[in-house]
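Novice:
Protein chains in written order, with my numbering: chain A, 1 to 362; chain B, 363 to 739.
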């Protein structure tokens, strides 16, 4: 096995060959699926735990306090302790709730980001699903999550949950438009929905720098809309703890509550990953035209670090929003989308088409 | 169309149904055990019915068996955020009844302590206001600055929340040697920090969108509901007791009565922020000029008020607190009645919130600055 931190293609292929050599073809495929599944499960659990920890620390520093400090070094084991607590908690189901849908909702919410994460290119060759409609797949799959939220609100037999779910439904359906349109603005330049192609097209510079003004506008709209789509503050209408106690997941406890919690953070990761891939070149290092020396230095940093660095920056930005802004009201939220973001987006898309046609981009 | 057709026509129109929600007694934004029965149409509020009594401790009845010195200690459990001012109200009332001559030093100390209390109450309100609107960070900022005032109080009277400093005739102990210095330090510190409040919340687009033209209360309504304090003054009702009926040392200090005419949430917010500036001004005028003298006038061990009725009003952080004592010349009063600002302010909530959304109700309630134990007593 030749492990190369800059290119995982050979490494992945050698594993595949090895599996094929020791197992019959069908079993080798199944073994491959299982290995990928286990890898993703571990990755997602670690991701969820660390994002919760990061959020706590970031929020604490914004609020001039220390955050968790007692469990483990600098409180690093705090989230693990919390998960253990949630696992051992009694799963309460309130009287009069639709038990089947109530249980199903939690799984739908967690399945959506699980599937979406498979299509994300982590580094060169480290990519599970790389097909020609990758970006379309991610946006389509991650919108399944809203079904889970609506079901959770409906089946809880709680009016707060129902209001939260209806808010969330209206919000996610509206903001999805803006997310997709802002991504389309860049697709005009790449000409492909395949994520590996999108990354490859940014070899000589990221689209946010190359794409002229429309790309910058598109990025801002993407950040706003995707924050709204993931139900995070200042758009956390669906939870709005000061209005609706906890919104759609009021009635959930134990591990099912943990599912909602985990799904929120994985969604956050996916948003950041899509944003990084489309606007900031994914795992592609920062390259400036023909500046050879600089490009070589940048190439020296492994792509996986580039990718996670970009994601961390975007996640920090989104957390920054959450811990500084007050929450919008539901009608203001929808006004923002339908009266401002969507028209700007459509015009921006036209503008980008114009830029692409006349070759004003780099 | 015949009548029958009309009826069937009406029945086929899909209707939205009104429904009820119990907001409280356990709810994050009622700030205590207040229960609001909301009638909703979708998210629009049709009616708000406050239900009280979840934290009723019959303080007024308890007063009837306690001596006048003991009554003072019950009042800081009413509006725990302006406890010094509550205590002062009872003390002033008793002193009026006894026709006691109060040393000048006591008057000045009481005024400074009252204004510090007002500041700390408004700081907490500001933090909670932000939290109600979803900006949790403000809560911690408010508490950071409030902590310094609480430290001053701890040094002065030994407690941090239910503080007792006033007694009939004066104050319990003389001020701590550090008091003047620490207070001055705090004022210099907070003069720098208050603009930070504006940066974080006041100038925010989302915040102004959430509060402007929301929870409107007209001047007429404010007067007829008896909405006092910053909430009333934001509707143009000039009701500052400190200006209209000065007590303690308020007659010798310069300060502005903050009056806004908009009557919406933003005006109430601005009124409180401006009041913090005015409070600091008052403290600055007095802190260097505390006259020398006794910290307490001589009173008998058992106070007996002459037969009659006594009323004293003071301006707490939430509005006008009235103390009404009926005495029959015994060592405990015959009847005590508190006119608490929170109760009257809450009564206007229905008028203010009708037709708005749930999120607006939270904002409105937050700008009324309700303290539930003050409402229930």
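Just so it is clear, CB atoms sit at the ideal spot from N, CA and C, and this is done for glycine as well.
What residues of chain A sit near residue 499 of chain B, judged by a beta carbon separation below 7 Å?
Specialist: Along the second chain, read from residue 1 onward, the residue named residue 499 of chain B stands at position 137. Neighbours of residue 499 of chain B on chain A, chain order: 62, 63, 323 and 324.
Novice: Please indicate yes or no: does the CB of residue 251 of chain A lie closer than 6 Å to some heavy atom of the ligand SAH?
Specialist: Ligands are entirely absent from the displayed structure, and the ligand SAH is therefore not among its contents.
Novice: Taking just the CA atoms, how far does residue 192 of chain A sit from residue 181 of chain A?
Specialist: Along the first chain, read from residue 1 onward, the residue named residue 181 of chain A stands at position 181. Along the first chain, read from residue 1 onward, the residue named residue 192 of chain A stands at position 192. The straight-line gap from Cα to Cα measures roughly 15 Å.
Novice: Give the DSSP-derived three-state secondary structure of residue 286 of chain A in the structure shown.
Specialist: For this step, residue 286 of chain A is matched to residue 286 along the first chain. In this structure, residue 286 of chain A counts as coil in the three-state DSSP scheme.
Novice: Taking contact to mean at least 3 C-beta pairs separated by less than 8 Å, is the segment 518-534 of chain B in contact with the segment 432-446 of chain B?
Specialist: Yes, the segment 518-534 of chain B touches the segment 432-446 of chain B.
Novice: Going by DSSP, what residues sit across from residue 398 of chain B in a beta bridge?
Specialist: By one-based count along the second chain, residue 398 of chain B stands at place 36. Residue 398 of chain B pairs with B:385 and B:412.
Novice: Does the Cβ of residue 413 of chain B have 16 or more other Cβ atoms within 10 Å, making it buried, or fewer, making it exposed?
Specialist: Working through the second chain from its first residue, we reach residue 413 of chain B at position 51. Classification of residue 413 of chain B: exposed, given that the 10 Å Cβ count is below 16.
Novice: So is residue 532 of chain B buried or exposed if we call it buried at 16+ other beta carbons inside 10 Å?
Specialist: Position 170 of the second chain, counting from 1, holds the residue named residue 532 of chain B. It counts as buried.
Novice: Alpha carbon to alpha carbon, what distance is there between residue 283 of chain A and residue 121 of chain A?
Specialist: In the first chain, the residue the question calls residue 121 of chain A occupies position 121. In the first chain, the residue the question calls residue 283 of chain A occupies position 283. About 8 Å.
Novice: Using DSSP bridges, identify the partner residues of residue 674 of chain B.
Specialist: In the second chain, the residue the question calls residue 674 of chain B occupies position 312. DSSP lists B:685 as partners of residue 674 of chain B.
Novice: Look up residue 700 of chain B in the DSSP assignment and give the residues it is bridged to.
Specialist: For the purposes of this step, residue 700 of chain B is taken as the residue at position 338 of the second chain. Residue 700 of chain B is bridged to B:685.
Novice: Check the Cβ-Cβ distances between residue 752 of chain B and every residue of chain A, and say whether any is below 7 Å.
Specialist: Since the first residue of chain B shown is 363 and the last is 739, residue 752 of chain B is not available in this structure.
Novice: Quick one: what's residue 528 of chain B bridged to in DSSP?
Specialist: Walking along the second chain from the start, residue 528 of chain B turns up at place 166. Its beta-bridge partners are B:533.
Novice: Evaluate contact between the segment 325-340 of chain A and the segment 295-308 of chain A, counting only Cβ atoms and requiring at least three cross-stretch pairs below 8 Å.
Specialist: Segments in contact, no.
Novice: Span of the alpha helix (DSSP H) holding residue 540 of chain B?
Specialist: As a position in the second chain, residue 540 of chain B is number 178, starting the count at 1. From DSSP, residue 540 of chain B is part of no alpha helix (DSSP H); its letter is neither H nor E.
Novice: In angstroms, rounded to a whole number, what distance separates the CA positions of residue 731 of chain B and residue 700 of chain B?
Specialist: Working through the second chain from its first residue, we reach residue 731 of chain B at position 369. Working through the second chain from its first residue, we reach residue 700 of chain B at position 338. Straight-line Cα distance between these residues: approximately 18 Å.
Novice: Going by C-alpha to C-alpha distance, which of A:206, A:29 and A:110 sits closest to residue 270 of chain A?
Specialist: Here the question's residue 270 of chain A lines up with position 270 in the first chain. Comparing Cα-Cα distances from residue 270 of chain A to each of A:206, A:29 and A:110, the minimum goes to A:110.
Novice: With DSSP as the reference, please indicate the residues paired to residue 658 of chain B in a beta bridge.
Specialist: Walking along the second chain from the start, residue 658 of chain B turns up at place 296. B:532.
Novice: Just checking, does the segment 638-645 of chain B make contact with the segment 606-620 of chain B on the three C-beta pairs under 8 Å criterion?
Specialist: Taking 8 Å as the limit for Cβ pairs, the verdict is that the segment 606-620 of chain B does touch the segment 638-645 of chain B.
Novice: Tell me, please, whether the CB atom of residue 328 of chain A is closer than 7 Å to any CB atom in chain B?
Specialist: As a first step, residue 328 of chain A must be located in the first chain, where it is residue number 328. Chain B contact via Cβ: present.
Novice: What separation, rounded to the nearest whole angstrom, lies between the Cα atoms of residue 33 of chain A and residue 42 of chain A?
Specialist: The count along the first chain starts at 1 and reaches residue 33 of chain A at position 33. The count along the first chain starts at 1 and reaches residue 42 of chain A at position 42. Taking the straight line joining both Cα atoms gives about 14 Å.
Novice: Out of B:695, B:674 and B:676, state which residue places its alpha-carbon closest to the alpha-carbon of residue 664 of chain B.
Specialist: Working through the second chain from its first residue, we reach residue 664 of chain B at position 302. Nearest C-alpha to residue 664 of chain B: B:695.
Novice: Does any CB atom of chain B fall closer than 7 Å to the CB of residue 95 of chain A?
Specialist: In the first chain, the residue the question calls residue 95 of chain A occupies position 95. For residue 95 of chain A, the answer is no, since every Cβ of chain B falls outside 7 Å of its Cβ.
Novice: Classify residue 317 of chain A as buried or exposed, calling it buried when 16 or more other Cβ atoms lie within 10 Å of its own Cβ.
Specialist: The residue you call residue 317 of chain A lines up with position 317 of the first chain. With fewer than 16 other Cβ atoms within 10 Å, it is exposed.
Novice: Give a yes or no on whether 7 Å exceeds the smallest Cβ distance from residue 78 of chain A to chain B.
Specialist: As a first step, residue 78 of chain A is located in the first chain; it is residue number 78 there, counting from the start. Closer than 7 Å: no.
Novice: Within this structure, are the beta carbons of residue 484 of chain B and residue 675 of chain B separated by less than 7 Å?
Specialist: The residue you call residue 484 of chain B lines up with position 122 of the second chain. The residue you call residue 675 of chain B lines up with position 313 of the second chain. Not closer than 7 Å, so no.
Novice: Under the assumption that residue 183 of chain A contacts residue 129 of chain A (Cβ atoms under 8 Å), give the Cβ distance between them as a whole number of angstroms.
Specialist: Taking the first residue of the first chain as 1, we reach residue 183 of chain A at position 183. Taking the first residue of the first chain as 1, we reach residue 129 of chain A at position 129. With 8 Å as the limit, residue 183 of chain A and residue 129 of chain A do not qualify as a contact, their Cβ atoms being about 17 Å apart.
Novice: Within 10 Å of its beta-carbon, does residue 382 of chain B have 16 or more other beta-carbons around it, so buried, or fewer, so exposed?
Specialist: Here the question's residue 382 of chain B lines up with position 20 in the second chain. Under this definition residue 382 of chain B is an exposed residue.
Novice: For residue 204 of chain A, does the three-state DSSP call read helix, strand or coil?
Specialist: Stepping through the first chain from its first residue, residue 204 of chain A is reached at position 204. Residue 204 of chain A: coil per DSSP, three-state reduction.
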